[in-house]
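Reviewing the structure listed below.
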Amino acid sequence: MRQEISPSFTFGPLFLTGVQAAVVMTQPPTLTRKTGQSLRLTCRSSGFYSSYYYCMFWYRQLPGKQREKLLTSIGYSSSSFESGFGNRVTVVRENSNRIFDLIIKSPRVEDTATYYCAAESQCDGTGLNSYKYSRGGKQPLPI
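Positions -21 to -1, 1 to 122 (mature numbering (1 follows the signal peptide of the UniProt record, and there is no 0)) are the ones given, in order, by the sequence shown.
In structure tokens:
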């Protein structure tokens, strides 16, 4: 059985307060996966040094729901996943290549959501409103 993910994951510009460059994050226009295959949401940055942004985040917003945090990545190797996401979500962070990708293992229809990638130079715990985001489109997963 195949799963096709559409429409595109195109991330818009991300502007960070105090930084004089636009940050752009992009995703291929179409992703197709067979049942059981992993889905990789790519967050590529340009216009800043990702090592400057000590904290990186992934959020998602399910249809009709509030945005929820999936994970926080602190520094170079530490990632903290929110409860309820189990072993199906992982992250790849390569600061030197400006990569911060979210991997969903065996995506399900209920994973259809708008996904957000965010960056912050300090982890001060001020919450969702303190971050600027890049935004991906809704992702239907017909089976």
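The beta carbon of each residue, even a glycine, is placed where N, CA and C say it ideally should be.
These numbers were taken from a predicted model, which means no experiment stands behind them.
Local Cβ density within 10 Å of residue i, reported as buried at 16 or more and exposed below that
{"i": "Arg39", "result": "buried"}
{"i": "Arg87", "result": "exposed"}
Element boundaries [beta strand (DSSP E), containing residue i]
{"i": "Thr91", "result": "That residue, Thr91, is in no beta strand (DSSP E); it is neither H nor E in DSSP."}
{"i": "Thr51", "result": "Glu47 to Ile53"}
{"i": "Arg72", "result": "Val68 to Glu73"}
Rounded distance between the beta-carbons of residue j and residue i, thought under 8 Å
{"i": "Arg77", "j": "Arg23", "result": "6 Å"}
{"i": "Ser52", "j": "Val70", "result": "6 Å"}
Bridge partner(s) assigned by DSSP for residue i
{"i": "Arg23", "result": "Ile78"}
{"i": "Gln40", "result": "Thr93"}
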